[in-house]
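> Structure incoming, see below.
In the numbering used here, the protein residues as written are 4 to 115.
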């Protein structure tokens, strides 16, 4: 069985991990536009109401990826909204996946 969205998932997760690795250890807020995966906001105001834009699909896909990565323990966040996530940071498992573990976190540095 083929995962239809596999390539899109790979591209999105790559953008997420790039942003998180640049910011590490500081948490960041994530949405499709800040990752460069959408060219505008998720909503626009029409007649005093918020209406989804053509970019909404990108926002929803990014958040689906963030939720999956969090449930798989690659990252953590304090709050996930329908179109954004707050205070997202890599976990140790995420750092290990990227092969980017800081020397200060290697056991051999502290064993006498």
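Glycine is no exception: its CB is placed at the ideal position from the N, C-alpha and C atoms.
Nothing here was measured: the structure is a model prediction, and the numbers come from that model.
For residue 79, which of 55, 29, 112 has the nearest alpha-carbon?
Closest option to residue 79, Cα to Cα, is 29.
> I'd like to confirm something about residue 110: is its beta-carbon nearer than 6 Å to some heavy atom of the ligand GTP, or not?
Ligands displayed in this structure: none; no statement on the ligand GTP is therefore possible.
> When the Cα of residue 98 is compared with those of 14, 26, 4, 5, which residue comes out closest?
Taking only the C-alpha atoms, the option nearest residue 98 is 26.
> Below 7 Å CB to CB, which residues in the same chain sit around residue 38 once its five sequence neighbours on both sides are set aside?
Excluding positions up to five away in sequence, the list reads 18, 19, 22, 65.
> Would you please state the rounded distance, in angstroms, between the beta carbons of residue 1 and residue 88? I believe it to be under 8 Å.
Residue 1 is absent from the structure shown; the chain starts at 4 and stops at 115.
> State the Cα-Cα distance for the pair residue 4 and residue 10, rounded to the nearest angstrom.
Cα to Cα, residue 4 sits roughly 15 Å from residue 10.
> Can you have a look at residue 45 and say buried or exposed, based on whether 16 or more other CB atoms are within 10 angstroms of its CB?
Classification for residue 45: buried.
> Provide the residue(s) that pair with residue 79 in DSSP beta bridges, ordered along the chain.
Per DSSP, 92.
> Within its chain, find whatever has a CB closer than 7 Å to the CB of residue 40; leave out the 5 residues flanking it on each side and keep chain order.
Once the five neighbours on either side are set aside, the close Cβ partners of residue 40 are 15, 18, 61, 65.
> Could you give the DSSP three-state label for residue 7: helix, strand or coil?
Coil at residue 7, not helix or strand.
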